[in-house]
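Structure first, commentary second.
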Amino acid sequence: MSHDNFLRSTTPSRDTSNTGNENNPLLSSSGGLVSELEQEVLDEYARLLENVNKLGDALANLADNPASLTLDGLRLLERKTATVYTLLKASVYSIVLQQQILNDGEAAAVGAGDGGYGYQHDESGMQGGDGNSIMR
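full-length UniProt numbering numbers the first residue of the sequence shown as 1 and each following residue consecutively.
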């Protein structure tokens, strides 16, 4: 018996359209036999069951398909992800650059508005009285 047949034979068929709450009067929200919090927990378990069933179906589908198809799909996904990542980096860089330009423009407007006595940033370090740099 192959590995795939073993998985198929032990996995029960499932109906994901029915979570079981409709058939069980104790679990229905209109019955009033469970509190609201208990009903929320039961609903979460039903959603979890549905998600696990979907995952099981997806894994069974992957097991049925040849590995080359899965690898091709993953390569395509990797290329798309790399493209999205590059576009995201470019967008963030553009936003940061625009913000820096706006901040520089506001600083220039503030410096021009005080009669030219604004702070001037000197990249060369502190200057001594003779013009030689004290600190570099």
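From the three backbone atoms N, C-alpha and C, an ideal C-beta is built for every residue, glycine too. Just so you know, these numbers come straight off a predicted model, no measurement behind them.
Query                                                                              : Result
8 Å contact criterion, which L42 and V52 should meet: CB distance rounded          : 15 Å between Cβ atoms; not a contact.
Cβ-Cβ separation, T70 to L62 (assumed contact under 8 Å), whole Å                  : 6 Å
Per-residue DSSP class, three states only, for V84                                 : helix
Inter-residue spacing [alpha-carbon to alpha-carbon] between S94 and K54           : 40 Å
Which of helix, strand or coil DSSP assigns to S91                                 : helix
Residue span of the alpha helix (DSSP H) that contains L33, given as start and end : Neither: L33 is in no alpha helix (DSSP H) and is coded neither H nor E.
A82 versus S68: straight-line alpha-carbon distance, rounded                       : 21 Å
Any chain D beta carbon closer than 8 Å to D72                                     : Absent from the structure is chain D; it holds one protein chain and no more.
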